[in-house]
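Peer 1: Pasting in a structure now, in structure tokens, and then I'll have a few things to ask.
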Amino acid sequence: MPPVYPIYEELVRRKATGQKSFAVLVDPDKTAPKQVASLVEKAEKATVDFFLVGGSLVVSTHLDELITQLKKTTKIPVILFPGSPIQVSPAADALLYLSLISGRNPELLIGQHVISAPAVKKSGLEIIPTGYMVVDGGVATTVSYISHANPLPSNKNEIAVCTAMAGEMLGLKLIYLDAGSGALNPVPASMIKAVSEQIDVPLIVGGGITTPQKAIENCQNGADLIVVGNAIEKDIDLMRSISEAVHAASRS
Ligand code: 1GP
109 MPPVYPIYEE LVRRKATGQK SFAVLVDPDK TAPKQVASLV EKAEKATVDF
159 FLVGGSLVVS THLDELITQL KKTTKIPVIL FPGSPIQVSP AADALLYLSL
209 ISGRNPELLI GQHVISAPAV KKSGLEIIPT GYMVVDGGVA TTVSYISHAN
259 PLPSNKNEIA VCTAMAGEML GLKLIYLDAG SGALNPVPAS MIKAVSEQID
309 VPLIVGGGIT TPQKAIENCQ NGADLIVVGN AIEKDIDLMR SISEAVHAAS
359 RS
């Protein structure tokens, strides 16, 4: 049977119509399965479009349970955002199959993919090949430490553009510009604009976004999907205000 890509096709459809999307990053280390009900209630009220689940380093062991609980509780799609192949759960809807194209660590470009390929294929998940680009966020983030790869300098738009273009031409279906969770400085708007102007695939932007204004600015500069984790963990009310901001930035 040929693979089906419902979530990816939805992202492409939204991009084509100028509709912006908002995803809440759920860190399994900070969210227990018993907290899912209250999280979902708030996310549904806030019309969150997707849950991303994962992290560069996950030390808890309830990933499967957390995702199963999310799937039981809501129709909001659950997308895996794995820091390593052990964070693959067949209970989710889709998997961002990340290749760290901003770095030069062969393990994260292709090595771990080779090792986990049979298990990933068997999972039955919708696999979305994603060019993952970590941009310097002004502070050492977990992703920059764990990945053994230099982040892309935040003032080098041309490197970001060329990297994203190469990723797209290699067949990657999404580009994810990430300043890293808890970044001091989010990805600069000028970099988002420069990258978005040169690629046709949907563009995800995350890392260090803490205000609705920043989310709007990112959308206006070409981001298609905004991801927020940390700021919402600190202030749950931001879920609603950032979601509203992102949706308001959609082309009417
Ligand atoms: C990190 O893009 C995500 O990979 C979200 O970052 O936790 O800083 O919102 P924050």
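Our numbering numbers the first residue of the sequence shown as 109 and each following residue consecutively. We treat Cβ as the ideally placed atom computed from N, Cα and C, and that holds for glycine. Source: prediction; values computed, not measured.
1. Between LYS150 and the rest of its own chain, which residues show a CB-CB distance below 8 Å, the 5 nearest in sequence each way excluded?
2. Out of curiosity, what's the CA-to-CA distance linking LYS138 and ARG121?
3. Alpha carbons only, please: which of VAL134, GLU118 and LEU280 is nearest the one belonging to LEU206?
4. Verify whether the separation of the beta carbon atoms of PRO198 and LEU174 is less than 8 Å.
5. To the nearest angstrom, how far is it from the Cα of GLU305 to the Cα of LYS142?
6. Let me check you understand the geometry: is the CB of GLY290 closer than 7 Å to at least one non-hydrogen atom of the ligand 1GP?
7. Confirm, please, whether the CB-CB distance from GLY211 to SER255 is below 8 Å.
8. How is the beta strand (DSSP E) around PRO237 delimited, first residue to last?
9. Is any heavy atom of the ligand 1GP found at a distance shorter than 7 Å from the C-beta of GLU133?
10. Within 10 angstroms of the Cβ of ALA227, are there 16 or more other Cβ atoms? Answer buried if so, exposed if not.
11. Looking only at C-alpha atoms, which of ALA297, CYS327 and GLY316 sits nearest to PRO310?
12. Quick one: using the 10 Å Cβ neighbour count with 16 as the cut-off for buried, is GLU234 buried or exposed?
13. Which class does ALA202 belong to by DSSP, given the choice of helix, strand or coil?
14. Please go through the same chain and pick out, in chain order, the residues whose beta-carbon is closer than 6 Å to the beta-carbon of GLY314, but skip the five residues on each side of it.
15. I believe GLY246 touches ASN293 by the beta-carbon criterion, under 8 Å. Please report the beta-carbon distance rounded to the nearest angstrom.
16. Quick one: is the Cβ of ILE283 within less than 7 Å of any heavy atom of the ligand 1GP?
17. Do VAL156 and THR181 have their CB atoms nearer than 8 Å?
18. Which residue comes first and which comes last in the beta strand (DSSP E) that contains GLY275?
Peer 2: Straight from the coordinates:
1. The answer, listed in chain order, is ILE344, MET347 and ARG348.
2. For LYS138 and ARG121, the distance between alpha carbons rounds to 32 Å.
3. Just measuring C-alpha positions, the residue of VAL134, GLU118 and LEU280 sitting nearest LEU206 is LEU280.
4. Result no, Cβ atoms of PRO198 and LEU174 do not sit closer than 8 Å.
5. About 42 Å.
6. Yes, Cβ of GLY290 sits closer than 7 Å to a heavy atom of the ligand 1GP.
7. With contacts defined as CB atoms closer than 8 Å, SER255 and GLY211 qualify as a contacting pair.
8. 234-242 is the span of the beta strand (DSSP E), which, as asked, contains PRO237.
9. The identity of residue 133 in the sequence shown is Leu, whereas the question assumes Glu. Within the cutoff, so yes.
10. It counts as exposed.
11. Minimum Cα distance to PRO310 is reached at CYS327.
12. The residue is buried, with at least 16 neighbouring Cβ atoms inside 10 Å.
13. DSSP, read as helix, strand or coil, puts ALA202 in strand.
14. A distance below 6 Å between beta-carbons, with the five flanking residues on each side excluded, links GLY314 to the following residues of its chain, in chain order: ASP286 and VAL335.
15. Taking 8 Å as the upper bound for CB-CB distance, GLY246 and ASN293 are in contact here, some 4 Å apart.
16. Flag unset: Cβ of ILE283 not near the ligand 1GP.
17. It is not a contact, given that the beta carbons lie outside the stated cut-off.
18. In the DSSP assignment, GLY275 falls outside any beta strand (DSSP E) and within the unbroken alpha helix (DSSP H) covering 265-277.
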